[in-house]
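Everything on this sheet refers to the single structure shown next.
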Amino acid sequence: MKTLDAPEMVEILSVVKENSLVKTLTLDCKLKAKPGQFIMLWIPGVDEKPFSLSKINGSKIEVTFKKLGPFTEKLFSLKAGDKVGVRGPYGNGFRLAGSKICFISGGVGLAPLMPLIEQAVKKKRNVTVISGFKDKTQLLFQNRLSRLKAELHIVTDDGSYSRKAFSTDIFESLLASQKYSQVYCCGPELMMKKTLDLCLKKKIPCQLSAERYMKCAVGLCGQCCLAGFRVCKDGPVFTEKQLKDTEFGTYSRNAEGKRIPLHW
Ligand SMILES: Cc1cc2nc3c(=O)[nH]c(=O)nc-3n(C[C@H](O)[C@H](O)[C@H](O)COP(=O)(O)OP(=O)(O)OC[C@H]3O[C@@H](n4cnc5c(N)ncnc54)[C@H](O)[C@@H]3O)c2cc1C
């Protein structure tokens, strides 16, 4: 097991198309990593971008990514046998805590939570997973989740699968009868802000995996600052106390550092 300070070219062992926009790559890479940490993936001549680990498995790691712009479009076209550069892992990762845990995700935000959900179930914690997706075509990890001893709430924005609801609606309604000792959350920032506010109101410890446009990933360039922290070095996982009364949920920043307001 190792960490990589400079990119090492590794082979893509397999590619799984999870849905029309999301793929999972299994990489031939033995990394010492924990849930919630991320790696920098490099495609020579294209770019280098951050991705969380959706599985950490001894000699292999997996990343699950959504096609969004130039880099992820290129990544989407790669096949088993192709090579990508990997450096990392970076960031603090999640800290497993609490006996009754609720995991809340939106879309591909489920990816960094998956290894922690599996770890929590293995350690016999009482686990609830609330996962929201745009529609039934965008569901992720349903087989992996159904194998777990956990209470599952899968919802869609349009009701095309299961209930028509946002994951935060389900969380809010569960809070009326359940007392969680820890919450973990990853997804679109406005959905995480709603979770953050509910946790602050109910005084539940919460760890949220935040995203900012990232360049160096090692705390030097300052591009990914959020709430006075560097997401790459001090995060990407932050507690409810760190994000309380900050710009989190109001604006992000683009590659030039310009403020981009967040809207529903
Ligand atoms: C710590 C971390 C972990 C990540 N893990 C995953 C993952 O597991 N799976 C996954 O699909 N994606 C993940 N991402 C996001 C991923 O890095 C971006 O989607 C990717 O860099 C987009 O590159 P692109 O060239 O395809 O699109 P771009 O053209 O670079 O981006 C498309 C749009 O998304 C915006 N954008 C890009 N990156 C970010 C960002 N980090 N925060 C906010 N807005 C952004 C751009 O401003 C632009 O509007 C993660 C990001 C971070 C910071």
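Going from the sequence shown to my numbering is simple: count from 1 and add 1064.
Idealized CB from N, CA, C, for every residue including glycine.
Bear in mind the structure is a predicted one, so any value in this text is a computation, not a measurement.
Buried or exposed by the 16-neighbour rule on C-beta atoms within 10 Å, applied to residue i
{"i": "S1231", "result": "buried"}
{"i": "I1165", "result": "buried"}
{"i": "C1285", "result": "exposed"}
{"i": "R1294", "result": "buried"}
{"i": "S1118", "result": "buried"}
{"i": "Y1248", "result": "buried"}
{"i": "P1108", "result": "exposed"}
{"i": "P1325", "result": "exposed"}
{"i": "A1161", "result": "exposed"}
{"i": "Y1315", "result": "exposed"}
{"i": "G1145", "result": "exposed"}
{"i": "Q1242", "result": "exposed"}
{"i": "E1275", "result": "buried"}
beta-carbon residue i near ligand 1 non-hydrogen atom, thresh 7 Å
{"i": "Q1124", "result": "The sequence shown places Lys at residue 1124, not Gln. Flag unset: Cβ of K1124 not near ligand 1."}
{"i": "E1320", "result": "no"}
{"i": "D1111", "result": "yes"}
{"i": "L1272", "result": "no"}
{"i": "V1172", "result": "yes"}
{"i": "K1130", "result": "yes"}
{"i": "Y1277", "result": "yes"}
{"i": "F1197", "result": "no"}
{"i": "S1316", "result": "yes"}
{"i": "E1082", "result": "no"}
{"i": "G1100", "result": "no"}
{"i": "P1114", "result": "yes"}
{"i": "E1137", "result": "yes"}
{"i": "P1300", "result": "yes"}
{"i": "G1223", "result": "no"}
{"i": "P1269", "result": "no"}
{"i": "P1134", "result": "yes"}
{"i": "G1313", "result": "no"}
{"i": "G1155", "result": "yes"}
{"i": "A1240", "result": "no"}
{"i": "A1175", "result": "yes"}
{"i": "V1127", "result": "yes"}
{"i": "V1295", "result": "yes"}
Residues that residue i bridges to, as DSSP identifies them
{"i": "H1217", "result": "I1194"}
{"i": "K1266", "result": "Answer is none; K1266 lacks a bridge partner."}
{"i": "R1323", "result": "R1317"}
{"i": "E1082", "result": "In DSSP, E1082 forms no bridge with anything."}
{"i": "L1212", "result": "DSSP output for L1212 lists no bridge partner at all."}
{"i": "S1116", "result": "F1102"}
{"i": "I1107", "result": "D1111"}
{"i": "N1121", "result": "K1124"}
{"i": "E1072", "result": "V1150"}
{"i": "C1250", "result": "S1169"}
Residue i at chain B interface by Cβ criterion, 8 Å
{"i": "M1104", "result": "Given the protein chain composition of this structure (a single chain), no chain B is represented."}
(message) Taking contact to mean 3 or more Cβ pairs, one atom from each stretch, closer than 8 Å, check whether the region 1209-1220 and the region 1176-1196 are in contact.
(response) yes
(message) Whether or not the region 1200-1210 and the region 1148-1167 are in contact is what I'm after, with contact meaning three or more pairs of Cβ atoms, one per stretch, closer than 8 Å; do they touch?
(response) no
(request) Could you tell me whether the region 1228-1245 touches the region 1253-1264, using the rule of 3 or more Cβ pairs below 8 Å? (result) yes
(request) Specify whether the region 1076-1084 and the region 1107-1117 touch according to this definition: at least 3 beta carbon pairs, one from each stretch, less than 8 Å apart. (result) no
(message) Does the contact criterion of 3 or more C-beta pairs under 8 Å hold for the region 1086-1104 versus the region 1123-1141?
(response) yes
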